[in-house]
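In what follows, a single structure is set out as structure tokens and then discussed.
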Amino acid sequence: MNSKVESIDLEVIRADLLKKVNLLRKRRYPFSSINEIAEKNGISSSNGYDSLLKKILQLSKGDVSKILIDFQKALTPEVVKHCLYANKAISIYKLSDGVDLNDLEKSLNALTPNLSIDNKYYSIETDIEKDFIARFSPDDDMSIFVYHDQRSYVFRSKEESSTIINSFNEELDPLDENQEILELIKVIKVTIPTFDFVVLDKRLKILIIGFDLAYVFPKAMINKALDQLENKIKKIKGLNHINRLNFRNAIENMEIETDGIVFGHAFCSSGGTFNHLGKTSSKRADVRKDSFFTKGSTGEILDYYGIRKRYNTGKRDCAVTVALSYREYKASALTPIYVAVLDYMQDANDLRYCCKKLLDNS
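The sequence shown begins at 354 in our numbering and counts up one residue at a time.
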């Protein structure tokens, strides 16, 4: 009787692991990181997500129960961390001195009683529950309210299977011997659960609204989702007149600021005669110190309209991006910027540090 219960529980754990590994794959979580977690918990090294999923599904040797349970315990916090902090497009709202932060926190707490993300939200639902699903308090001054949604993105992939390519060749006109399909490109639609947020930081006296997976989805979708969340929050007493912080001035100030490493920037020269986008893939290289840039910018008045900057928050390097597209810049150099992208964050300290940089430079 007990062995049957244990067997059922084990399959539940196995299914939970498959769901969470699949979610991280769709969220473009680095495979090397999840492979390392799997290895530390008894699963041999894999060469990709498909390989790891197959091993979880077929694991039958050794202490299977211990391996799966240990892997689940190690993986679940990584999933939560990635959903809470990874790759967020944010807007910041300064709160006036007249706002009672403790009363505001109580009002926000009423959005959801849940103190953790239920496992069901890591899967695709037939009936999408668009709502606040959990709240977290990483420290005494910060509250994070998670908003669940479901979105789709599309990517292209080359078909590697010769069998599939040959099956298409068989469908070609048999009367035309000169036709042959050499390559197939698949257009794949991926639907995933997403985790936006509203954050109250009482220490910085700000409200933050964040969109999940900023680099996966188009800008129009980001702006629409942030607007919708803002409209929901404005219904709370004391928040009906909040306004987004304009990050436009932050671009040049971050460029001048000595702290941090600029690994990408965009600017026009005097009179707009020369447009340049500079970037580096090196973790330590600063494009401001590039000889091409230092020589070319001498004697020029540069007008910056985009920057990507890496800051060390104490535990890790996180990236802050503030930018106009070239089309937006050409329309008006004074176009306001209400959305910044924060990347590589893993905890509340990273979020607070990056927001403080935006506040100081805007």
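We put the CB at the ideal spot given by N, CA and C, even for glycine.
- From the DSSP output, read off the bridge partner residues of Pro546. Residue pairing by DSSP places Pro546 opposite Gln503 in a beta bridge.
- Message: I need the DSSP call for Asn599, collapsed to helix, strand or coil.
- Response: Reduced to three states, the DSSP call for Asn599 is coil.
- With contact counted as at least three CB pairs below 8 Å, one residue from each stretch, are the stretch 552 to 566 and the stretch 418 to 435 in contact? no
- Task: Starting from Leu582, trace the beta strand (DSSP E) both ways and give me its first and last residue.
- Result: Not the beta strand (DSSP E): Leu582 falls in the alpha helix (DSSP H), residues 572 to 586.
- Reference Ser444; option with closest CA among Ala701, Arg705, Val692, Gln581: Val692
- Message: I'd like the ranges of any alpha helix (DSSP H) spanning at least 4 consecutive residues and lying wholly in the stretch 396 to 425.
- Response: 402 to 411
- Task: Count the C-beta pairs between the stretch 456 to 472 and the stretch 513 to 525 that are closer than 8 Å, then say yes if the count reaches three, no if not.
- Result: no
- Query: In or out: Phe508 buried (at least 16 other Cβ within 10 Å) or exposed?
  - Reply: Residue environment for Phe508: exposed (fewer than 16 other C-beta atoms within 10 angstroms of its C-beta).
- Message: With three or more beta-carbon pairs closer than 8 Å as the criterion, would you say the stretch 476 to 489 touches the stretch 613 to 623?
- Response: no
- Item | Rounded C-alpha distance that separates Val540 from Ser490 | 40 Å
- Task: From the DSSP output, read off the bridge partner residues of Lys632.
- Result: Gly617
- Pull up the DSSP beta-bridge partners for Asp492, would you. Met495
- Query: Identify the residues that DSSP records as bridge partners of Val640: which are they?
  - Reply: Bridge partners of Val640: none, in fact.
- Neighbourhood of Asp471 by C-beta, 6 Å cutoff - its chain only, sequence neighbours within 5 removed: Excluding residues within five positions, none has a Cβ falling inside 6 Å.
- Task: Identify, in the order they occur along the chain, each residue of the same chain with its Cβ nearer than 7 Å to the Cβ of Asn522, setting aside the five sequence neighbours on each side.
- Result: Glu533, Ile534
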